[in-house]
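There are 2 protein chains.
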Amino acid sequence: MVNTDENETTPTPGTTDSEKKEVEMEVVKSASDPSTDPTKTKTVAEEGGNAPGSSSAAEIEAETTTQQAAPAAAEPPPNPAPVATTTTTTTTATPPVGADADRKIRAVTLSSFGGLKNIKIVEKPLPPAPNDGQVTIEVKVSGVNFQDILLRLGISDVTPSLKTPLVLGTECIGVVTAVGGNVNRIKVNDLVFAFPESGAFSEIIVVDERCVFKVTKPSLTLEELACTLPYIVAHMLLSRSGVNSGATVVVQSAGGGVGLAIKELAAMRGINVVGIASAGKHEALGKYEFKHLIPRGQDYVAEIKKLYPDGVDAVFDSQGGDDISRGISLLAPLGTYILFGTGNVVTGENRGIFTVAKGWWTQVEKIPPMKLLEENKLVGGFRLRSLLKACPERVQKTCEDVWELMTKKEIHPVVDKTFHFEQMATAMQRMHERKNVGKILIRPDIEVPAPPEAQPAAPAGIVQVEQGTAATEEGSSTSTSSTVVAAPVAAPPAPDAAN
Amino acid sequence: MVNTDENETTPTPGTTDSEKKEVEMEVVKSASDPSTDPTKTKTVAEEGGNAPGSSSAAEIEAETTTQQAAPAAAEPPPNPAPVATTTTTTTTATPPVGADADRKIRAVTLSSFGGLKNIKIVEKPLPPAPNDGQVTIEVKVSGVNFQDILLRLGISDVTPSLKTPLVLGTECIGVVTAVGGNVNRIKVNDLVFAFPESGAFSEIIVVDERCVFKVTKPSLTLEELACTLPYIVAHMLLSRSGVNSGATVVVQSAGGGVGLAIKELAAMRGINVVGIASAGKHEALGKYEFKHLIPRGQDYVAEIKKLYPDGVDAVFDSQGGDDISRGISLLAPLGTYILFGTGNVVTGENRGIFTVAKGWWTQVEKIPPMKLLEENKLVGGFRLRSLLKACPERVQKTCEDVWELMTKKEIHPVVDKTFHFEQMATAMQRMHERKNVGKILIRPDIEVPAPPEAQPAAPAGIVQVEQGTAATEEGSSTSTSSTVVAAPVAAPPAPDAAN
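Top line first, the protein sequences correspond to chains A and B. Just so you know, we're using the UniProt record's numbering here: the first sequence kicks off at 1 and counts up by one. Just so you know, we're using the UniProt record's numbering here: the second sequence kicks off at 1 and counts up by one.
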């Protein structure tokens with residue numbers, strides 16, 4: 001599983017109205033961590049900088065109406081960019097970061113693998129100073145990914161060694177507040193994109209420098225930057241496939257972040273994209289001008305072969321399982337199939353989820369190389385996380401390419417909805433039920449309860465933050481709710497519904 | 001098996017001196033084919049053209065000393081280019097082509113699958129007029145490929161449905177003398193590169209238009225043009241792998257035509273090439289400046305991993321079998337493995353060749369897609385023949401790219417040796433024993449017996465034709481020898497010697 005929101009799951013009866021519930025998270029206050037030693041850390045105060053992110057937070061507080069994103073400044077400001085476009089009535093800012101050892105931070109914590117009820121908002125002491133090779137980041141906004149669901153269920157194949165309790169979240173945009181020894185690429189006050197194995201749903205995180213990439217276009221909005229990940233994946237998938245102008249590619253989960261990013265980057269190169277997506281999303285996806293949209297629930301292979309009897313030039317598969325051989329069968333000679341996710345792991349069979357997960361990996365059909373020779377096909381996989389240690393400079397370069405395109409407004413990041421920590425369960429369930437079109441974001445600094453009903457997705461380039469319907473404790477950085485009313489985990493649907 | 005000479009086989013005791021033998025081929029005179037109907041065919045005479053190839057043949061006859069290739073003319077002549085560089089004392093020309101129904105042509109025929117003794121030179125009547133979609137070609141020069149050995153043995157996986165008796169040969173350069181109906185891309189008098197399933201070792205062939213590609217740079221020499229095939233394969237392999245400047249690739253059979261072509265094209269793009277080749281070839285390969293040359297007989301995986309602990313960016317494998325998983329294991333993240341031949345089929349195990357061949361395909365280890373996902377690898381195959389029907393325009397375009405590079409002298413085709421039809425067994429055995437460095441050619445219009453001993457390979461760009469040591473029947477276009485003294489087929493060596 002690439003840590004992206006490329007996956008779609010089929011809505012399951014009994015949980016489809018979970019979004020309407022007002023999901024509140026339990027807040028647990030942890031004792032101060034005795035291992036914390038802020039004296040080892042270069043802090044913002046020591047570096048002489050202002051508290052990073054404070055202007056951004058202040059602007060969020062001031063905004064009460066929808067605004068268009070400000071045009072990119074020729075000279076990017078040293079501080080993180082303001083959140084340009086929001087629709088919000090009640091927001092609260094986190095306190096400025098300092099060397100305050102008494103400060104508590106909030107984090108979305110998974111107590112044990114399982115359902116949404118195992119997610120809690122925990123108050124924790126400031127993390128210890130970064131060790132050698134680590135950096136401390138004050139998180140501004142995080143992205144929710146399908147990988148978060150797999151990790152919560154304890155069936156992640158990307159980070160199978162992680163143990164509970166842990167803080168969820170695998171990507172964020174934030175500001176560096178401290179760096180450990182032997183950290184060379186990253187400096188205090190840098191605005192960064194981080195891609196840690198876990199922990200991103202926290203106000204402050206300490207992570208390995210190798211998963212941190214300096215934002216070279218800080219004039220971009222936080223919401224634009226929060227859409228970096230799907231564009232990196234899409235950019236690298238298209239490069240790997242070697243497709244050129246006039247080619248046709250098929251993408252699974254066309255309505256996910258990666259699906260939309262592939263569509264956009266492909267269009268720039270004159271490449272046609274056929275999208276496979278839940279039929280329920282087709283109307284919302286209409287404006288993205290896919291060459292064809294094929295419903296996921298039907299025999300998409302027959303459908304696509306009818307449209308392209310000679311085959312297509314590339315297939316990008318976020319699902320895996322039986323979709324692997326189907327995807328390969330769609331290829332024309334000189335075609336390339338790339339698996340970049342394993343969404344089918346949670347929808348494969350109507351059995352207990354852990355049984356399915358355990359058997360799934362071995363059930364995947366292996367590929368005979370002689371057949372690839374006869375048919376002139378390439379087959380492979382792409383997982384961004386595996387690349388971080390091997391070639392971080394390649395990831396940094398791709399980030400910069402993506403931010404350049406964003407700055408030039410050649411690509412238009414699509415945010416589905418922005419949630420607050422306390423709405424984590426709603427956000428996760430929205431992804432699990434494949435309701436999102438574009439990226440689902442989560443922020444530590446905005447406290448809004450779940451909406452009374454689902455809202456239409458924001459148009460491309462417009463960021464929409466959930467409007468509150470209940471009064472919130474303005475000025476407080478933590479929720480005092482203590483009851484967990486989490487939506488139950490959806491049971492996987494029957495196989496015929498999944499494909 | 002791609003029809004190229006990318007394969008190497010290990011010399012087998014008892015046959016290593018086969019080259020010293022004077023191999024003569026049996027000539028069988030066939031009865032005139034009653035189905036021949038030249039009236040249906042547009043002939044050269046009808047089109048008003050001169051007998052194509054006659055000037056070339058005349059020049060061959062006149063040449064008695066080594067000459068450098070003439071520089072490419074700015075305006076290519078309408079007739080096929082002269083053979084610019086030869087070292088020959090006795091040559092004979094074929095008679096000019098006309099509508100002479102009584103004319104006999106010679107062809108290298110396989111009577112039944114098996115050893116070299118089953119190859120005979122057969123005198124045949126002119127083939128029937130081309131049907132719809134077919135063209136008739138007067139062959140000027142053919143290339144010998146490893147595929148010819150597999151076909152002779154009856155274990156070709158590329159053309160498994162071919163039955164004996166048949167005329168051997170899968171590629172040639174020649175001049176079109178007639179075209180059937182519905183032939184649009186090719187015209188009479190066109191100089192062409194043809195890539196038929198069989199039949200290219202003949203003075204005249206009739207082939208499907210889809211395997212015929214018009215030479216757009218007729219100023220190139222026949223020997224240069226005869227090296228088109230390995231460059232097409234190399235060009236497409238490099239494109240498929242997506243490697244760029246600074247990358248490192250590994251190629252099996254570095255001394256074969258494709259291996260050398262990959263080296264040359266890669267060098268132009270700033271790509272380093274590590275070659276795997278029989279130790280006996282390393283001295284001859286020294287001048288080609290491979291980044292490293294690794295002997296095929298040792299544990300090349302350990303050797304290359306020592307040199308590139310992080311892996312290489314692409315592996316081009318002409319061997320298959322156990323070399324597939326070895327090749328994949330050499331890849332760095334984002335690396336690409338491409339199988340383009342199955343040379344190991346004849347060296348896999350020290351058992352009866354047909355048993356090995358039969359079991360071989362099923363013994364090839366299948367590839368788990370989840371592993372490719374985890375490791376960010378692409379794995380696939382390339383077989384030019386499968387592309388002819390699917391995308392002939394892509395092959396034509398690649399041919400033109402290659403000829404453009406040849407014309408600009410940016411690539412320098414390497415001919416190993418040029419043989420005559422009567423030396424077919426020697427030529428095949430040379431390839432089987434992996435003695436060739438560069439392309440082995442065979443011509444219908446030069447009659448020279450085998451040399452008394454092996455000669456050093458010609459340097460790049462210099463074409464060397466075997467020097468005769470015995471008197472030949474000058475002026476005759478057919479040999480009258482009737483005794484077959486073919487070298488026995490080499491038994492496959494033990495597995496440890498093969499890898």
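C-beta: ideal position from N, C-alpha, C; glycine also.
Counting the other Cβ atoms within 10 Å of the Cβ of L307 of chain B gives fewer than 16, which makes it exposed. Taking a Cβ-Cβ threshold of 9 Å, the residues of chain B close to S386 of chain A are P333, L373, E374, E375 and N376, in chain order. Under the 8 Å criterion on CB atoms, L339 of chain A is classed as interfacial with respect to chain B. Of all residues in the region 245–259 of chain A, none places a beta-carbon less than 9 Å from a beta-carbon of chain B.
The straight-line gap separating the alpha-carbon atoms of K140 of chain A and V250 of chain A is approximately 34 Å. Boundaries of the alpha helix (DSSP H) around I149 of chain B: F146 to L153. For I186 of chain A, no CB of chain B lies under 8 Å from its own CB, so it is not counted at the interface with that chain.
If you keep only unbroken beta strand (DSSP E) runs of at least 3 residues inside the region 283–357 of chain B, you get 292–295, 312–317 and 331–339. Shown here, R106 of chain B sits in a strand according to DSSP, grouped into three states.
Taking the Cα positions, G275 of chain A is about 13 Å away from G257 of chain A. Between the alpha carbons of L229 of chain A and D190 of chain B lies a distance of about 54 Å.
Within the region 153–225 of chain B, the runs of alpha helix (DSSP H) at least 4 residues long that lie entirely inside it are, in chain order, 222–225. Interface with chain A (8 Å Cβ-Cβ cutoff): I324 of chain B is included. Residue pairing from DSSP places L441 of chain B in a beta bridge opposite B:G143 and B:T418. When C-beta distances to chain B are compared with 8 Å, every residue of the region 203–235 of chain A stays at or above that value. In this model, T398 of chain B and D416 of chain A are separated by some 45 Å (Cα to Cα). The beta carbon of M406 of chain A lies closer than 6 Å to those of L220 and E224 in the same chain, with the five residues before and after it left out. At least 8 Å separates the beta-carbon of L265 of chain A from that of I304 of chain A. D323 of chain A has its alpha-carbon roughly 32 Å from the corresponding atom of Q423 of chain A.
In this structure the region 335–343 of chain A lies against the region 374–392 of chain A, because at least three pairs of beta carbons, one per stretch, are closer than 8 Å. With a cutoff of 8 Å on beta-carbon distance, T248 of chain B and K291 of chain B are scored as near each other. Any Cβ of chain A closer than 8 Å to the Cβ of P196 of chain B would place that residue at the interface, and such an atom is absent. The straight-line gap separating the alpha-carbon atoms of I149 of chain B and G199 of chain B is approximately 14 Å. For Q396 of chain B, the uninterrupted alpha helix (DSSP H) segment begins and ends at P392 to T407.
Q252 of chain A is bridged by DSSP to A:I276. Assignment of P127 of chain B by DSSP, reduced to helix, strand and coil, places it in the coil class.
Around the Cβ of P218 of chain A, a 10 Å sphere holds 16 or more other Cβ atoms; the residue is buried.
The criterion of a C-beta distance shorter than 8 Å is satisfied by I205 of chain B and I137 of chain B.
Judged by DSSP secondary structure, G381 of chain A falls within the beta strand (DSSP E) whose first and last residues are L378 to G381. Residues of the same chain with a CB within less than 8 Å of the CB of V301 of chain A, apart from the 5 flanking positions on each side, are R326, S329 and L330 in chain order. Contact check for K366 of chain A against K281 of chain B fails: the beta carbons are separated by 8 Å or more. Among the residues facing chain A, T336 of chain B is included, as its CB has a counterpart in that chain under 8 Å away. The Cβ-Cβ distance between D208 of chain A and G133 of chain A falls below 8 Å. Chain A places a beta carbon closer than 8 Å to that of C391 of chain B, counting this residue as a contact.
T136 of chain B is bridged by DSSP to B:A178 and B:V206. Here DSSP, grouped into helix, strand and coil, assigns I271 of chain A to coil.
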